[in-house]
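Asks:
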Amino acid sequence: AVFSAGFPINQALKFRSTQGSVVFDRNGHRYLAFTASINDPSYYAGDLSHYETAVLLYDLTTGQLVADVHNLNFDHGNSMCYNPDNGHIYIAEGGSLPGYPSGIMELTWDLKAIDSHGFPDLGRAFSITYANGQYFVIGKGPRDGDATTLFRLNSDMQMEDHFNVSKWYPAGYSPQGIAADDHFVYCIAANFSHHQWKKSQKVVVFTRNGLYAGTWSLDITKEAEDMSILGNDVYITTNDKTATTLYQSVLPSVKLYAQWVPAR
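Mapped onto my numbering, the consecutive letters of the sequence shown carry residue numbers 197 to 460.
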C-alpha cells in the first residue's frame, strides 16, 4: 500500500524524501507512522530557509490519516520505533550535517514532541528500535572517522553496551532503519554508490549482544528505509519522495532435521 506524505506548508514545494517509519499496535488498531522532509540541494548547502519536516500517522485498520505534524526539529528522521511499554515513539534524528539535530527525539504515540535524548558516545543516531526492554541504535561516535556502531540501551535510555559493526557496512553501504525481536536485531544496509536498489540492499542480522548472525537479500526495487517486526510479520517502508510504500512479509524460517541411518 502507498501512503502520501501530503504537502509542505508552502504548497509550491514538495517533500523530497520519506525516511524513518514504524508500524505498531495500540488499542486494537495497527498504525503506521513515518517521516518526510525537503532535503533538497539548499538543505545540503546548509540553507534552512524553506526546509520542512513532517511526521504522519495512518491507521492501517481504517486507512485514514490520524495525525500530521510539521516542522519538528529533526534532521531527516532516519528511523523510528515504538515502545509499547510507555506508548511513545522515538525518532533517530539523523545528524547528517554539522549543527543539525543528531540524537533521539521522543514523541507521544499521537506525535506530540516531549523530549530529546543525546549521548556522549553517540555523535549521530541513524537508526533506532525497541524490543523486550531494550533500545538498539545504529550510529557513530562524535569524531570524524568513528566506526559504525550498534549501541544497546536499557528501558531508561541509559547506555549498556556498544559493538563495532563497521565491517558489515563495506564501502558504499550506509545504515538505514532497524528492527528487533527477542533474539536478533535486523539492520537494513543500502549501497548509495549507485541507485540500483534491487542489487544493492540487504538486511544484516546481529544477536542482541552484537554478534553477526547472517545476512538476508532484500528484493525491493525502491530504497528501503525502515523496518518493523510484529510477531512473525515484517514491515518495510520505501522512499517514494512524496509518499512511502509499505511492504509486508514474514520472518524467514529455517527448519533443520537429521535422519540417522545405519553405517555401511
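Using N, Cα and C, we set each Cβ at its ideal position, and we do this for glycine too.
1. DSSP three-state call for W393: helix, strand or coil?
2. My assumption, with CB atoms under 8 Å, is that L293 sits in contact with H246. Please give the rounded CB distance.
3. Can you tell me whether K336 is buried or exposed, with buried defined as 16 or more other CB within 10 angstroms of its CB?
4. DSSP puts E302 in a beta bridge; with which residues?
5. Cutting at 8 Å between CB atoms, please list the residues of its own chain near D357, excluding the five before and the five after it.
6. Beta-carbon separation of D425 and D378 under 8 Å?
7. Put P338 into one of helix, strand or coil per three-state DSSP.
8. Just to confirm, are G341 and R320 a CB contact at a threshold of 8 Å?
9. Is it buried or exposed, D415, if we count other Cβ atoms within 10 angstroms and call 16 or more buried?
10. Is Q330 closer than 8 Å to N144 when the C-beta atoms are compared?
11. Can you tell which of E421, Y443, W456 has its C-alpha closest to the C-alpha of S275?
12. State the DSSP-derived secondary structure class of W456, mapped to helix, strand or coil.
13. Rounded to the nearest angstrom, how far is the Cβ of M423 from that of I384, given a contact under 8 Å?
14. Could I get the ranges of all uninterrupted beta strand (DSSP E) runs contained in the segment 225–265, with 3 residues as the minimum, in chain order?
15. When you compare only the Cα positions, how much space is there between T304 and D221?
16. According to DSSP, is S275 helix, strand or coil?
17. Quick one: complete beta strand (DSSP E) runs, 3+ long, within the segment 332–377?
18. What residue range is occupied by the uninterrupted beta strand (DSSP E) comprising L426?
19. For the beta strand (DSSP E) holding I205, just list the boundary residues, first then last.
20. Residue range of the beta strand (DSSP E) that D415 falls in?
21. Output needed for G368: all residues of its chain with C-beta closer than 7 Å, excluding positions within five of it in sequence on either side, in chain order.
22. Rounded to the nearest angstrom, what separates N282 and W456 at their Cα positions?
23. Just the Cα atoms here: how many angstroms apart are D243 and F270?
24. Do you know how far the Cα of K363 is from the Cα of S370?
25. Let me confirm a value: V446 is counted as buried when at least 16 other C-beta atoms fall within 10 Å, else exposed. Which label applies?
26. With a CB to CB cut of under 7 Å and the five nearest residues on each side skipped, what residues in its chain are close to A375?
Replies: Concretely, from the data shown:
1. helix
2. About 16 Å; that fails the 8 Å criterion.
3. buried
4. Y286, D311
5. F347, R348, N405, G406
6. In the sequence on display, residue 425 carries Ile and not Asp. Not closer than 8 Å, so no.
7. coil
8. no
9. exposed
10. Any answer about residue 144 is impossible in this case: the structure gives the chain only from 197 up to 460.
11. E421
12. coil
13. 6 Å
14. 225–233, 249–255
15. 14 Å
16. strand
17. 345–350, 355–360, 369–376
18. 420–426
19. Where I205 is concerned, there is no enclosing beta strand (DSSP E), given that its DSSP letter is neither H nor E.
20. Neither: D415 is in no beta strand (DSSP E) and is coded neither H nor E.
21. N387, F388, S389
22. 50 Å
23. 15 Å
24. 12 Å
25. exposed
26. T325, Y382, M423, S424, I425
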